[in-house]
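Residue numbers (this note's numbering), protein chains in the order written: chain B, 57 to 236; chain V, 186 to 981.
Backbone N, C-alpha and C fix where the C-beta goes; we use that ideal spot for every residue, glycine too.
These figures come from a predicted structure and were not determined experimentally.
Step one of this worksheet: look at the structure below.
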């Protein structure tokens, strides 16, 4: 486990800011103690200082996970957000998409959101803006990237994709092995 | 046009008939509530006479009294053996849980009855539930009535056979024409009216009318009854159950008894269950056995064993009955002999069958609300909207829900994936409730997979403090990671150590939960393979592992913690070897005491079991059984550590005094082996702990030694880290250390003894007269070992 290098921090924060914008600083400067990011097995974990101190007792090969896993660095040094980060993305998300109850299932199986399943969408969403996907009952289901701007969404035909799927909570079951 | 008319007429007719089918009489209020439908709805009958001519074709086919009787006979022939089966285990559960805890099959019915009218009713009112509960009661009542009816019918059966010829003719008549039938009913009705009182008396037999000849027979019977001392009813019943037995019996009893006594004696003996002879059991071995007869035999056998002095067969002793019972149980429920024997030791016989029966049905599916993300009420509402039929889980849990049935898979709803609940057995709530972690504490879950209890701990702590979730199996840890992230738990460190190494990795926990790996004898319903796969060696192996784990768990607890210092030990096994014995062992080895678990139900742990005697405080532990609590078999014990000192020398002494008789008592060969291994295992770490303490007392000089020691044990490759741990430890352990003199080995035993006597006087009883000598020997052994270790150090 080690702190992130500057490069890694930059890549990760760039990625995060696509979803939560300047709210990143709320993640770093928290009123309830210092929180930090650590790299372990190519994965980035977000934890409080207290837990970090305790986790140093555990040898590297025996440590499985600390705090919350945000995502991992690929072999090409890109950062990929995991669904486990949803707990921290959802409250701070700037752009949101709500899907209709019928489409929930489809999205949770890893499909893109079509116009026909789109319930609501935040105003002024840009194209390729990171969005968090909610059910109509305001339960966060995952996140993705807006394929169209809000304006375009109004006009397109029902079968066209409006949100590209990136991660959904169904992965807790589908990809349990690769979460860590 | 013509067609249309016909259609219209037909339609009218249908409409008319529709009305006729069951006409509502506004003056006569229909009863509501549970009960037989026909009892409530009387409107139709009163109206029926008006439409009788038209109604004939549509009304349900009425059978003549005889055909009804015949039908009854047919049903009876099929039913009688099953009847017993139906009666058996459907008892309520003993404690207050009985409201929600019903055997799975039954609860399904309850769910259906309640339907999904309004969810809120589930919460505020228990009325509905009560109603539902009434139903089975009524059913029971009806059953009784039916039984009575059947009995009286049984009597008639013999007489009926005489006029079979007549009936044959009637039979044909029945099939040809229904109208005739009705008239015939009327005929007999009028005839019966004439016969007056007797008919009224016979009404209990389903209100059926009797043939003259039957009535005559009845009269005869009544006469007999008044003459004879007891009725022959029992006789009839038993004849069916065990024919062959009866034959034997009669031979014997005829020989023994006087002529006059035979009637009465016979009846008495009918109740007595007889052991089958040797040749019969041989036959059974060859032929395919009938499970029904075996079940009946088990029941009879248990009955005899419960009232042994009155019901026993002369000349047979208890052992023979028990061997037969064991054999029958293992064939009927397909257990291996070892497990059956263990279970017979564990339960009173009356409970045993209930327990085995409960293992055949699944426990209800329960879920736990994740209070970090939602509230139980909201979750229940969301799930009800998805077509899940649920109810709150007992009074003792505020977060549990029972799922009766569901139209969607409960483990894959969006709510589940969003982490609003966790699928978790009711029994898994208990250890965490017993642990009652407080906010801001440092908690260790020693074997955490798949994370159900860990996440429950986290939600009780509201995501504050730190939880260390450990498991020895890396594969199973993946589910822990998944569940922790899904449920939004952020205060967890997940690691993959063997639990036995734990105090070396880190210590000073406020609370530790040890859900020890076990033989799984409490969850046979989940995994029926346990029935046949376990034997003595398996139990002993897991007991040994559990003893090691519980010691390392205790060593990880910080007794000086202002809020905690608690350890909860639990297993999903019901074996005494894996539960009370392990805790008793820990009580002897470490400075811990049992405290109440805080669970207000469950059965007390054993303080004595067969030849073993445990510490009396073990009754504070709790046992849970599938048949009495409708959750998996479970054991929970809560321990409080009152001193961080590991009683090394005294432990050596106690090992000698207390362990020795146990080894002698249990003559199993595998038993001695683990206990030996235990001893050697124990002495090494305890010594290590000892020297570490010394090192701390001596200051920097000793630190090198710690390093050396840790290297030698090669527990963890990082030496300096080890030292850091030791330093940390010292901070926490300073309190007791400061008071202690440096020459521990000489001073310790007496001090410890005093401590022991002060803390637990009852332990003193365990110390036998010869303990002085043994004590010295123990010390010698200890010194010898120490020398050896020092030599080893030099060589290294």
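Exercise for review: Please classify residue 725/V: does DSSP put it in a helix, a strand, or coil?
Suggested key: helix
Practice item. List the residues that DSSP assigns as beta-bridge partners of residue 121/B. Key: 679/V
Exercise for review: Taking residue 118/B as the query, report the chain V residues whose CB atoms sit under 7 Å from its CB, ordered along the chain.
Suggested key: 680, 681 and 682
Review point. Considering only the beta carbon of each residue, do residue 187/B and residue 146/B sit closer than 8 Å?
Key: no
Practice item. Report the rounded CA-to-CA distance for residue 673/V versus residue 205/B, giving the unit in angstroms. Key: 31 Å
**Study point:** Beta-bridge partners of residue 755/V, as assigned by DSSP
**Key:** 700/V and 821/V
Point to revise | Buried versus exposed call for residue 135/B [16 or more other C-beta atoms within 10 Å across all chains shown] | key: buried
Practice item. Express the C-alpha separation of residue 714/V and residue 763/V in angstroms, rounding to a whole number. Key: 19 Å
Review point. Buried or exposed: where does residue 58/B fall if 16 or more other Cβ atoms within 10 Å of its Cβ makes it buried?
Key: exposed
Check your understanding: By DSSP, does residue 812/V sit in helix, in strand, or in coil?
Key -> helix
**Study point:** Contacts of residue 233/B in chain V (Cβ-Cβ under 8 Å)
**Key:** 663
Check your understanding: Is residue 76/B close to chain V, meaning its C-beta is less than 8 Å from at least one C-beta of that chain?
Key -> no
Check your understanding: Just to confirm, are residue 521/V and residue 511/V a CB contact at a threshold of 8 Å?
Key -> no
Review point. Considering only residues of the same chain and omitting the five flanking positions on each side of residue 687/V, which have a CB-CB separation below 6 Å?
Key: 737 and 741
Practice item. Return yes when the Cβ of residue 627/V is within less than 8 Å of the Cβ of residue 651/V, no when it is not. Key: yes
**Study point:** Identity of the residue in 611/V, 722/V, 766/V and 704/V nearest residue 732/V by Cα
**Key:** 766/V
Practice item. Let me know the secondary structure DSSP gives residue 552/V once reduced to three states. Key: strand
**Study point:** Rounded separation between residue 696/V and residue 109/B - CA only
**Key:** 19 Å
Check your understanding: Where does residue 218/B fall in DSSP's three states?
Key -> strand
Check your understanding: Should residue 176/B go down as buried or exposed, given a rule of 16 or more other Cβ atoms within 10 Å for buried?
Key -> exposed
Practice item. Using only alpha-carbon positions, find the residue among 139/B, 185/B, 123/B and 191/B that is nearest to residue 162/B. Key: 191/B
Review point. Helix or strand or just coil, what does DSSP make of residue 571/V?
Key: coil
Review point. Helix, strand or coil: which one does DSSP assign to residue 747/V?
Key: coil
Check your understanding: Residue range of the alpha helix (DSSP H) that residue 154/B falls in?
Key -> Where residue 154/B is concerned, there is no enclosing alpha helix (DSSP H), although the beta strand (DSSP E) it sits in stretches over 152-155.
Exercise for review: Tell whether a beta-carbon distance below 8 Å holds between residue 727/V and residue 703/V.
Suggested key: yes
Review point. If residue 779/V and residue 806/V are in contact, beta carbons under 8 Å, what's the gap, nearest whole angstrom?
Key: 6 Å
Check your understanding: Sorted by chain position, which residues of the same chain lie with C-beta nearer than 7 Å to residue 784/V's C-beta, five sequence neighbours on each side aside?
Key -> 615, 618, 619, 807 and 821
Practice item. Determine the direct distance from the alpha carbon of residue 549/V to that of residue 654/V, and round the result to whole angstroms. Key: 27 Å
Exercise for review: Just grab the DSSP bridge partners of residue 655/V for me.
Suggested key: 680/V
Exercise for review: Within the same chain, show all residues whose beta-carbon is closer than 7 Å to that of residue 633/V, passing over the 5 residues directly before and after it, in chain order.
Suggested key: 639, 654, 655, 656 and 665
Check your understanding: Taking Cβ positions, are residue 107/B and residue 227/B nearer each other than 8 Å?
Key -> no
**Study point:** Opening and closing residue of the alpha helix (DSSP H) in which residue 611/V lies
**Key:** Counting along the chain, residue 611/V falls outside any alpha helix (DSSP H), and DSSP gives it neither H nor E.
Practice item. Please classify residue 628/V: does DSSP put it in a helix, a strand, or coil? Key: strand
Review point. Would DSSP call residue 235/B helix, strand or coil?
Key: coil
Check your understanding: Would residue 169/B pass as a contact of residue 114/B if the rule is Cβ separation under 8 Å?
Key -> no
Check your understanding: Which class does residue 790/V belong to by DSSP, given the choice of helix, strand or coil?
Key -> coil
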